[in-house]
Amino acid sequence: MEHAPAWLTNSLIYLAAAVIAVPVSRALGLGAILGYLAAGIAIGPWGLKLVPNVQDVLHFAEFGVVLMLFLVGLELEPRRLWNLRRPIFGWGSVQLFGSAALMTGIGVACGVDWRIALVASLALADSSTATGLRAMADRNLMPTMSGSSTLSVLLLQDVAAIPVLALLPLLVVAGASSNGGGWLAGAKAVGVIAAIVLGGRLLLRPALRWIARSESPEIFTAAALLMVVATAFLMHSVGLSMALGAFLAGVLLAESEYRRELETDIEPFKGLLLGLFFIAIGMTIDFAVVMRQPMLVAAIVLGFLAAKVLVLWLMTRLMPIPKAERPVFIVVLAQGGEVGFVVLQTALGARLLDGPTSSLLVAAITLSMLLTPLMMLVADRWSARLAAGTARTLDELSEPQSAPVIIAGFGRYGQIIGRLLNAQGVAATVLDHDVDMVEAARAFGYKVHYGDASRLDLLRTAGAQSARVLVVAVDDKEQSLRIVDLAREHFPHLELVARARDVTHWNQLRDRGVMRVERELFESSLRSGRTVLEVLGSPPHEARRQAMRFRRHNLALFEQMHPHYKDRRRLIAVVKEGRQQLEEQMARERQEAAERSRKGEERTPGWDSER
77 MEHAPAWLTN SLIYLAAAVI AVPVSRALGL GAILGYLAAG IAIGPWGLKL VPNVQDVLHF
137 AEFGVVLMLF LVGLELEPRR LWNLRRPIFG WGSVQLFGSA ALMTGIGVAC GVDWRIALVA
197 SLALADSSTA TGLRAMADRN LMPTMSGSST LSVLLLQDVA AIPVLALLPL LVVAGASSNG
257 GGWLAGAKAV GVIAAIVLGG RLLLRPALRW IARSESPEIF TAAALLMVVA TAFLMHSVGL
317 SMALGAFLAG VLLAESEYRR ELETDIEPFK GLLLGLFFIA IGMTIDFAVV MRQPMLVAAI
377 VLGFLAAKVL VLWLMTRLMP IPKAERPVFI VVLAQGGEVG FVVLQTALGA RLLDGPTSSL
437 LVAAITLSML LTPLMMLVAD RWSARLAAGT ARTLDELSEP QSAPVIIAGF GRYGQIIGRL
497 LNAQGVAATV LDHDVDMVEA ARAFGYKVHY GDASRLDLLR TAGAQSARVL VVAVDDKEQS
557 LRIVDLAREH FPHLELVARA RDVTHWNQLR DRGVMRVERE LFESSLRSGR TVLEVLGSPP
617 HEARRQAMRF RRHNLALFEQ MHPHYKDRRR LIAVVKEGRQ QLEEQMARER QEAAERSRKG
677 EERTPGWDSE R
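Take any residue in the sequence shown, count from 1 to its spot, add 76: that is its number in this note's numbering.
Take a look at the structure:
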């Protein structure tokens, strides 16, 4: 390694550290950011000491933050921001600035300089967007009130990062001697921002349009990077945040026709440089300071978590978030976040913070992110208790039923079956154990009974001994199989018609002797395929004929696959063989049709009106 160029050696070290640390961190459920930080710690001065000059790397990696905020600006169309203005700028502002104000007050009361307390509070008030949204998505809470509220708060934090970063140089000016130079600097800043906004409106789109006509993808990518670098340079020249310029450029192009292409071109650069930024942050942590004051680090972590939890708890008392969803909402937003690292590093560069103070705060944010998975376990248990205490209950089916059909599950699948039977005058006993679904169905006039069809006593009450058909239309695969097992054992006369969520579920149902199984998306997908063929020019009758042939072949292939679905090698061989046979058959038919057309033979005209 002695004769290798420094850039080559460092690239090898950074990429190897990231490739090893990030997958391990993700596998442990800690997220990519903590993986990058761990990689930086491992190769830095407090680890293997593989990188001697950390600051040069950090200056280069800061461009990743600039690109990140440019992409944030691209996502924030002015119209979209206006439509979401109330939840974003309402509750989002309450969380961010309320938490920052409370922590600043505590810091000043403890004798900390107000500027240091303010910078630290703004960094600690931020939450991790990546970790937060993933936690809500894993719990299927994004469509809920708590999910939309979390998204609004995190979006405000992303937007607020721009003015926060722009504020830091002004705090330096406020701490300097008041000789009028601050007013001149402010005037220059306003002038540059106005020039970027006006120039972007008048010049950016025409310039990109002209460059796009060259039909050179690499030049378009270079132009996109040039635009970001130029706006960042202009902002830096007047003492403001480079990220603010990139953000403004992104907002100006949010509604342009090149928005998606710009995102695609810049995303790889942003991801790599942002990862390098977090690696550099990990390398700059001064563990000597942390180890000398472990109690202070613990106090900072517990203090800022307590302050944020208090603000978030007060918010949930006023927001329309169900009690059972409040603990997850609070814990997700209580942790520190990636923008906090950016704020601290910018403050360190502006000399608002010294190195030891920055190391303490970076360590506190990192520890809060490490503690989040444990806090989420507590929040989940807390939510389960609240849900059990506040769950609405309905009276279960208690009167014996005598309808010839029982439908277990009245979601999107069972509703269509029930409505079809009802239109034909066929009576059906409908069971569903989801309180919200039962209440919603009853509100529309459907007779739906509350109850779990996987219970033997409830099936007896529903009339399974005298019914002819049991439709298993529940969403959950395990519950579906339990219902089938129960019916096969105690009511063997029942004809079972089951819904399969996927291929594995289909095979499991067939193992239990259920012959009438329908995959829930198969028929609708065939209809969409027919529509695509028609749009491409096939006559409707020909599109239908091809779809029906594919349907027959697919069903036959499934029957061939079923005996081998537990043997992966044999299953793949059967699938490949069946696909090849279908393709060859279709190719022969197309060739025969082309031959008939060449000879002038006319086929019997088909229908073209039925859909």
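For every residue, glycine included, the Cβ atom is placed at its ideal position computed from N, Cα and C.
Neighbourhood of residue i by C-beta distance below 8 Å, restricted to the same chain and skipping five residues each side
i           : result
residue 111 : 94, 97, 98, 99, 100, 101, 102
residue 279 : none
residue 494 : 483, 486, 504, 506, 522
residue 462 : 399, 400, 402, 403
Span separating the alpha-carbon of residue i from that of residue j
i           : j           : result
residue 240 : residue 358 : 22 Å
residue 126 : residue 85  : 9 Å
residue 295 : residue 413 : 35 Å
residue 442 : residue 376 : 12 Å
residue 429 : residue 192 : 7 Å
residue 237 : residue 404 : 24 Å
residue 339 : residue 204 : 21 Å
residue 115 : residue 522 : 58 Å
residue 187 : residue 270 : 39 Å
residue 688 : residue 621 : An answer regarding residue 688 cannot be provided, because it is not within the stretch 77 to 687 covered by the chain.
residue 81  : residue 87  : 10 Å
residue 406 : residue 301 : 38 Å
residue 511 : residue 291 : 57 Å
residue 217 : residue 354 : 29 Å
residue 255 : residue 246 : For residue 255, the predicted structure reports a pLDDT of 46, less than 50, and the residue's modelled location is therefore unreliable. A value from the coordinates is still provided. One C-alpha to the other measures close to 14 Å.
residue 583 : residue 498 : 30 Å
residue 371 : residue 380 : 14 Å
residue 543 : residue 556 : 18 Å
residue 311 : residue 445 : 32 Å
residue 546 : residue 476 : 16 Å
residue 221 : residue 480 : 40 Å
residue 176 : residue 234 : 15 Å
residue 401 : residue 223 : 9 Å
residue 163 : residue 201 : 18 Å
residue 631 : residue 600 : 15 Å
From the options, residue whose alpha carbon lies closest to that of residue i
i           : options            : result
residue 603 : 590, 617, 593      : 617
residue 391 : 182, 670, 458, 169 : 169
residue 504 : 632, 643, 484      : 484
residue 334 : 371, 309, 312, 287 : 287
residue 173 : 229, 208, 149      : 229
residue 368 : 424, 436, 453      : 436
residue 330 : 389, 397, 150      : 150
residue 513 : 491, 598, 500, 496 : 491
residue 328 : 303, 314, 453, 350 : 303
residue 57  : 267, 347, 201      : The chain is shown only over 77 to 687; residue 57 falls outside these bounds and no answer can be derived.
Same chain, Cβ closer than 6 Å to residue i, five either side skipped, listed in chain order
i           : result
residue 363 : 122
residue 417 : 357
residue 633 : 654
residue 567 : 540
residue 666 : none
residue 252 : With a pLDDT of 49 at residue 252, under the threshold of 50, the predicted position of this residue should be treated as unreliable, though the coordinate-derived value follows. Excluding sequence neighbours, residue 252 sits near nothing in its chain.
residue 658 : 629
residue 558 : 530
residue 422 : 241, 244
Contact set for residue i: own chain, Cβ-Cβ below 7 Å, skip 5 residues either direction
i           : result
residue 527 : 472, 473, 507, 509, 534
residue 560 : 548, 572, 574, 585, 588, 590
residue 662 : none
residue 307 : 272, 321, 322, 324, 325
residue 640 : 646, 647, 650
residue 184 : 190, 193
residue 226 : 208, 212, 405, 408, 409
residue 489 : 549, 575, 596
residue 167 : 225, 228, 229, 391, 395
residue 478 : 539, 542
residue 171 : 229, 387, 388, 391, 409
Integer-rounded CB distance, given that residue j should sit under 8 Å from residue i
i           : j           : result
residue 179 : residue 408 : With a Cβ gap of about 19 Å, residue 179 and residue 408 do not count as contacting.
residue 570 : residue 563 : 5 Å
residue 518 : residue 524 : 6 Å
residue 432 : residue 365 : 4 Å
residue 373 : residue 439 : 5 Å
residue 195 : residue 244 : 7 Å
residue 342 : residue 139 : Not quite, the Cβ-Cβ distance comes to about 11 Å (not below 8 Å), so this is no contact.
Test: residue i CB closer than 8 Å to a CB of chain C
i           : result
residue 450 : This model lacks chain C altogether; it includes just one protein chain.
Suppose only complete runs of 3+ residues qualify. What are the beta strand (DSSP E) ranges in the stretch 490-559, listed by chain order?
504-508, 545-548, all fully within the stretch 490-559.
Go through the stretch 600-668 residue by residue and report every complete run of the alpha helix (DSSP H) that reaches 4 residues or more, in order.
Whole alpha helix (DSSP H) segments, 4+ residues: 616-637.
Complete alpha helix (DSSP H) runs within the stretch 350-425 (minimum length 4 residues, chain order):
DSSP runs (the alpha helix (DSSP H)) wholly in the stretch 350-425: 363-368, 370-394, 402-410, 414-425.
Which runs of the alpha helix (DSSP H), 4 residues or longer, sit entirely within the stretch 160-204?
Listed in chain order, the complete alpha helix (DSSP H) runs (minimum 4 residues) inside the stretch 160-204 are 169-185, 190-200.
Those runs of the alpha helix (DSSP H) which lie wholly inside the stretch 265-345 and span at least 4 residues
Taking only runs of at least 4 residues, the alpha helix (DSSP H) segments lying wholly in the stretch 265-345 are 281-288, 293-313, 318-328.
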